[in-house]
Amino acid sequence: MIIVDSLTKKYGSFTAVDHVTFRAEPGRVTGFLGPNGAGKSTTMRIMVGLTPASSGGVTVLGRRYADLPNPGREIGVLLDASAQHAGRTGREILTLAQRTMRVPVARVDEMLDTVSLTEDESGRRVKDYSLGMRQRLGIATALIGDPEVLVLDEPANGLDPAGIRWMRDLLRGFANKGGTVLLSSHLLHEIEVIADDLVVIGNGRIVANGTKSQLLEAAGTFVSAPDLGTLSTALTAAGHTAESSYGGLRTDADTGQVGRVALAAGVPLTELRPADGAGLEEMFLELTKDNAREDVAA
Amino acid sequence: MSTAVMENTRVAEQPRMQQARIPFRTVVGVEVRKAFDTRSGFWLLVTIALAGLLATGAVLAFASDADLTYDNFAGAIGVPMTILLPVVAILAVTGEWSQRAGLTTFTLVPHRGRVIRAKLTVTVMIGLASMALALAVGALGNIVGTALMGVDTVWDLSFTSILYIVGADLIGMVVGFTLGILTRNSAGAIVAYFSYWFLLPTLSMVLAANQSWFEKAQPWVDFNYDQGKLYDGGFSGQDWAQLALTGTVWLLIPLAFGLWRVMRAEVK
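So the sequence lines, in the order shown, correspond to chains A and B. Residue numbers for the first sequence follow the working numbering, so the first one is 11 and each next one is one higher. Residue numbers for the second sequence follow the working numbering, so the first one is -11 and each next one is one higher.
Encoded structure:
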């Protein structure tokens, strides 16, 4: 269980994280979603004490991170797979973690096996690793203390499709055994397939927060017809919203209501279905667009 | 319940044991390992050993019979160590930032003060161990060397002068450590260290030779000069006062400032 309470981080006049509040529950995978630069990594660094917060706080398993006597045994952390001494071998990096956490030596080989790094690969220096191999090594480091909570920042970066599938199964299994998983991503589809709960952040603020099904339901209904103008007017007249979306309309009415309105208005429909992720995706694209514009300006 | 059962039990299948705080000796043990497990750490050690070996050979080959003394043998091994070991101290600190290994280190031990204290402990330990080694190998060289050359074995290093040398070398290690803490950057700290070691003495020597006021003031302002004097030993009360003054200004205050910043800096 991770509780983030009104967390704020300011750099001078710039607010990187603005009163962020959410929970990651045990037995569930919580996806932390936002475009690059939205404040995901800063929030995660504050969570583990690498960056001081301006105000607000985080507790992990009921305690502040700094108060955990042996944090690696309770919370596995992977913030940046490339942040390793390039001159150490993969096995050496795992051994350092194993010694710091005081877990049995055998855990090193167990973890290498779990993340499918071969004997030969584990003996190579990290500077010769691909990003995918570094991610695997990072996940091994996070898991070696057999923690109850996992915090992973963009763990799917650099993994091939088989690797992403493997990680999804691993995290699902971890949550099914009662573990808490918080993972961040800037890709909606990547996180949609694994997360139970979603926390969406943009420009340092939480813009959506709930179970995946809640957020998807909130997206409403997608409907398409040759005469969209008439349908739109009819929906609005019936007290529903109607927004243009992907060659059709998105509305907050459910499919049954849309069918009745269309029949009454005499508009033939070509498509009628729940909107699923469309709403979420549009919201997310909107956030990303704002951010992309800033990037161009800078 | 047996330990085997405990180890095989995974996530939340049962209430977890209260974890014990990571003991300081564990943090120190990990830091010792980190000082030598990288390529740079490894080659640094090899270089120090090779330089010591070459220096011993040079004493045997080139020194006159009268110079085949313990002081010269131990010094031949000690000098490369004195110069290069502080680089071990520098890299131990800066690797956490330059190589970004600190992201893991400070996450596993979320109290930076403990990690930094462990690094300082390791620095002092390496300094003491290497000097003991230099003295031992020097003694061996002295016995074997004089026997080979057929001259009397001379033991001309008193215990007091050894203490002075150990003190001077430890200060050198702490200078390296401090530069690491201040710069948090491997290249920058190493450049600063070699400037301190080679450039600064030359500059202050030239200044002292040309400006008589500086020659008088030098022992009161030049820390490097006071550290160097330790190798000659025989300090008076005034010598200690000068060392204490320059050491506080040039070493302890910068170190305190560097530590204060390290405790607050973001680890990215």
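Here a beta-carbon is modelled for each residue, glycine too, at the ideal position from N, C-alpha and C. Computed from a predicted structure; not experimentally measured.
- Burial state of glutamine 199(B) is exposed, judged by a 10 Å Cβ sphere holding fewer than 16 other Cβ atoms.
- Under the Cβ criterion of 8 Å, arginine 21(B) is counted among the residues facing chain A.
- Secondary structure note for glycine 239(A): its alpha helix (DSSP H) is the uninterrupted segment 238 to 247.
- Taking 8 Å as the cut-off, the beta carbon of serine 64(A) is found closer than this to the beta carbon of threonine 18(A).
- Residues of chain B with a Cβ closer than 7 Å to the Cβ of histidine 95(A) are, in chain order, Thr26, Gly83, Gln87, Ala89.
- Of the candidates Ile12(A), Leu43(A), His196(A), Val209(A), Ile12(A) places its Cα closest to the Cα of glutamate 35(A).
- With three or more CB-CB distances shorter than 8 Å, the region 89 to 105 of chain A counts as touching the region 148 to 158 of chain A.
- Residue pairing from DSSP places glycine 67(A) in a beta bridge opposite Asp15(A).
- Per DSSP, the beta-bridge partners of tyrosine 21(A) are Phe24(A).
- Counting only Cβ-Cβ distances below 8 Å, valine 58(A) has contacts in chain B at Thr95, Pro98, in chain order.
- Listed along chain B is no residue with a C-beta nearer than 8 Å to that of proline 165(A); the closest approach is about 14 Å.
- Of the other Cβ atoms in all chains shown, fewer than 16 fall within 10 Å of the Cβ of aspartate 220(B); this residue is therefore exposed.
- Bounds of the alpha helix (DSSP H) holding proline 242(B) are 241 to 252.
- A Cβ-Cβ contact shorter than 8 Å links glycine 214(A) with aspartate 28(A).
- Here DSSP, grouped into helix, strand and coil, assigns asparagine 219(A) to strand.
- Here proline 98(B) is buried, its C-beta having at least 16 other C-beta atoms within 10 Å.
- At the C-beta level, tryptophan 208(B) and leucine 233(B) come within 8 Å of one another.
- Residue burial is scored here from C-beta neighbours: serine 223(A) has fewer than 16 other C-beta atoms within 10 angstroms and is therefore classed as exposed.
- Tyrosine 75(A) and glycine 22(A) have their C-alpha atoms roughly 25 Å apart.
- Around isoleucine 78(B), no beta-carbon contact reaches into chain A at under 7 Å, the shortest distance being about 14 Å.
- The region 91 to 102 of chain A and the region 133 to 141 of chain A touch, with three or more beta-carbon pairs separated by less than 8 Å.
- For threonine 25(A), the closest Cβ of chain B is not nearer than 8 Å.
- Remark: C-beta atoms of arginine 172(B) and tryptophan 248(B) do not approach each other more closely than 8 Å.
- In the displayed model, arginine 73(A) falls within a strand according to three-state DSSP.
- By the rule that beta-carbons nearer than 8 Å mark a contact, arginine 182(A) does not touch chain B.
- Contacts with chain B (Cβ-Cβ distance below 8 Å) from the region 60 to 79 of chain A involve Leu60, Thr61, Pro62, Tyr75, Ala76, Leu78, Pro79, listed in chain order.
- Here leucine 91(B) is not near leucine 169(A), since their CB atoms are 8 Å or more apart.
- For threonine 57(B), the pairing in a beta bridge is given by DSSP as Val142(B).
- Sequence-distant Cβ neighbours of isoleucine 85(A) in its own chain, meaning closer than 6 Å and more than five residues away, are Val70, Pro157, Val159.
- Taking all protein chains shown into account, serine 255(A) has 16 or more neighbouring C-beta atoms within 10 Å of its C-beta and is therefore buried.
- Isoleucine 10(B) sits in coil when the DSSP states are folded into three classes, being neither helix nor strand.
- For a cut-off of 8 Å, the C-beta gap from valine 39(A) to methionine 57(A) is around 16 Å, too long to register as a contact.
- Judged by beta-carbon spacing, valine 271(A) lies beyond the 8 Å limit of aspartate 237(A), meaning their Cβ atoms are not closer than that value.
- Tryptophan 176(A) has its alpha-carbon roughly 25 Å from the corresponding atom of threonine 95(B).
- Using a C-beta cut-off of 8 Å, the region 109 to 129 of chain B makes contact with the region 14 to 31 of chain B, since at least three inter-stretch Cβ pairs fall below that distance.
- Among the residues facing chain B, valine 87(A) is included, as its CB has a counterpart in that chain under 8 Å away.
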